[in-house]
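Take a look at the structure below.
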Amino acid sequence: MTVSQHTTRQATAIFVNSFGEGGAEKLAVYQANGLIAAGDDVDIIVELDKGSYRAFLHPDVRVISFDSKSPFTVLFKLLGYLRATPPTALLCHLEKPALIAIVAGLLCGYRKIIPILEVNLDSYAKLDHQWRRQFLKLLLAVFYRLAPRIISVSHGCTASLSKLLGAHAKNIVTIYNGFDLDHLRRSSRQPVDNPLITQKKKPIFISAGRFAPQKDFQHLIRAFAKVRQEKDCSLIILGEGALRPELERLALELGVQADVHLPGHQPNPQAWFGKCEAYVMSSKAEGLASVLLEALASGTRLVSTDCPSGPAEIIQYDKYGKLVPLNDVDALAAAMLGVLDNSKPAPTSQEDVQAYLDRVFSFAQMMTAYRTVVRTVSAGAPPAA
0 MTVSQHTTRQ
10 ATAIFVNSFG
20 EGGAEKLAVY
30 QANGLIAAGD
40 DVDIIVELDK
50 GSYRAFLHPD
60 VRVISFDSKS
70 PFTVLFKLLG
80 YLRATPPTAL
90 LCHLEKPALI
100 AIVAGLLCGY
110 RKIIPILEVN
120 LDSYAKLDHQ
130 WRRQFLKLLL
140 AVFYRLAPRI
150 ISVSHGCTAS
160 LSKLLGAHAK
170 NIVTIYNGFD
180 LDHLRRSSRQ
190 PVDNPLITQK
200 KKPIFISAGR
210 FAPQKDFQHL
220 IRAFAKVRQE
230 KDCSLIILGE
240 GALRPELERL
250 ALELGVQADV
260 HLPGHQPNPQ
270 AWFGKCEAYV
280 MSSKAEGLAS
290 VLLEALASGT
300 RLVSTDCPSG
310 PAEIIQYDKY
320 GKLVPLNDVD
330 ALAAAMLGVL
340 DNSKPAPTSQ
350 EDVQAYLDRV
360 FSFAQMMTAY
370 RTVVRTVSAG
380 APPAA
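So for the sequence shown, numbering that gives the first Met the number 0 puts the first residue at 0; every next one is plus one.
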């Protein structure tokens, strides 16, 4: 990476690890596009210039790739960027980029760093590799106190971080992720060139995400096996990950391998969502669980574990879907069977659902809130004492 030492260009910068398959990477790209549409200059900084969301990035966004995952290399290159062309503010997705940015800022005197919290730290620290996650919480408790503002994607995430920051929690701003809802609705009506959909002969449940412990697709497959004993139906899980062999073995052990389908990552998951009976989320932990909003926009019904945090805020405690307790296979299966029971109508009309999404989760509303925070930090708002 080379940046001119004499350029007068000043951009809003967004720092994320890559253009990969996660929700944070997708949100970073959409935010960059939204800032461009509002007339801002935008730099998006990545450790590695790879990932499918790169294709959706507006051509006027300047991409700065460090071509390294080494924290020390990234820190060195970020220092060079901040010294050469300090941005109006630096939005940081995910904890590693945020921590590196704060350290780089300390070394060069740059303070306009805005971490974006996209996980519930209480539940996150209880997942696999607990000692690493507990250490990360300690680092966040120290370094996030230096940020003039922190954006959190849900009230649950805000509460989890507030406990760590104490008086500095006044710097947290909760902003829900927003979406181009009309685009999602149009996408949900697009055809799906896959026989699972084109030759659909029975009800389909669908889910999506990384095949990782946090998503707990094992729990979903066990619940589906109970549903399958009662009703002829199928389960589709979109995505990829290291746990694919384990999920395939579990479906085989439970005797439902013919009805559990793992077609991989799909460029337009909304089209799949809109053609299934319900979206089912089995996660152990989330930040906001934006995929539930994408599924709602497609017109499908929701069933979700009541994991911290996000699902309860989105579903509004059974108003816009069905929440079930964590680690309760029977409750998840019962909720899925309830979807297939034609005597039980959807809890809320589609008109009310779509009006709710427009009111709370619009892309324009999110970008207005983000630009307000950026302007505040750019003007020199200090962190809380």
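Cβ coordinates follow ideal geometry from the N, Cα and C atoms, glycine included.
Counterpart residues of residue i in DSSP-defined beta bridges
| i | result |
| --- | --- |
| F178 | S361 |
| L234 | F204, V259 |
| F14 | I44, C91 |
| P147 | Per DSSP, none; premise fails for P147. |
| S308 | Its beta-bridge partners do not exist; DSSP assigns none. |
Limits of the unbroken beta strand (DSSP E) element including residue i
| i | result |
| --- | --- |
| Y278 | 277–280 |
| R61 | 61–64 |
| V172 | 171–173 |
| P114 | 112–116 |
Helix, strand or coil at residue i [DSSP, three-state]
| i | result |
| --- | --- |
| P212 | helix |
| V302 | strand |
| L34 | helix |
| P346 | coil |
| S3 | Low confidence applies to S3: its pLDDT is 37, below 50, so where it sits in the model is not reliable, and the reading given next is rough at best. Coil. |
| L56 | coil |
| R370 | helix |
| L105 | helix |
| Q9 | coil |
| G165 | helix |
| E229 | helix |
| G22 | helix |
| P381 | coil |
| A97 | helix |
| V152 | coil |
| H264 | coil |
| T375 | helix |
| E239 | coil |
| V191 | coil |
| K68 | coil |
| K76 | helix |
| L253 | coil |
| Q217 | helix |
| Q353 | helix |
Minimum C-alpha distance to residue i - residue among the options
| i | options | result |
| --- | --- | --- |
| L301 | E276, E285, S282 | E276 |
| A332 | A288, Q217, W271, T375 | Q217 |
| L47 | T72, L26, F55 | T72 |
| G38 | R110, F55, V60, E24 | V60 |
| G108 | L116, P85, Y123 | P85 |
| K230 | A211, E252, Q213, K200 | K200 |
| L89 | L105, L336, I13, A54 | I13 |
| S336 | L234, S159, A166 | The sequence shown places Leu at residue 336, rather than the Ser named in the question. Checking every option, the nearest Cα to that of L336 belongs to L234. |
| L56 | Y80, A334, L26 | L26 |
| C156 | A54, S122, V226, N32 | S122 |
| K136 | R148, I150, I149, N119 | N119 |
| V373 | I174, A330, P268 | I174 |
| N193 | P268, A334, F65 | P268 |
| G33 | S377, C91, V376, T367 | T367 |
| L93 | P58, V45, D66, K76 | V45 |
| L325 | Q213, C232, S187, S348 | Q213 |
| S281 | K169, V323, I314, P266 | V323 |
Residue i: first and last residue of the uninterrupted alpha helix (DSSP H) it sits in
| i | result |
| --- | --- |
| V323 | It is not in any alpha helix (DSSP H) - V323 instead sits in the beta strand (DSSP E) that spans 321–323. |
| T84 | Counting along the chain, T84 falls outside any alpha helix (DSSP H), and DSSP gives it neither H nor E. |
| K318 | Per DSSP, K318 belongs to no alpha helix (DSSP H) and is neither H nor E. |
| E293 | 289–296 |
| R131 | 129–142 |
| Q269 | 268–272 |
| D329 | 328–339 |
| E285 | E285 -> no alpha helix (DSSP H), and no H or E assigned at all. |
| L120 | 120–123 |
Problem set entry | Meets three-Cβ-pair contact criterion under 8 angstroms: the region 244–261 and the region 273–292 | no
Exercise. So does the region 128–144 actually touch the region 95–114, counting three or more Cβ pairs closer than 8 angstroms?
Worked result: yes
For this session: Would you check if there are 3 or more beta carbon pairs closer than 8 angstroms linking the region 16–31 to the region 47–56?
Result: yes
Exercise. Does the count of Cβ pairs from the region 282–289 and the region 240–259 closer than 8 angstroms reach three?
Worked result: no
Exercise. Would you say the region 219–230 touches the region 352–368, given that touching needs at least three Cβ pairs under 8 angstroms?
Worked result: no
Exercise. Is the region 159–173 close to the region 289–297, with three or more CB pairs under 8 angstroms?
Worked result: With fewer than three CB-CB distances shorter than 8 angstroms, the region 159–173 does not count as touching the region 289–297.
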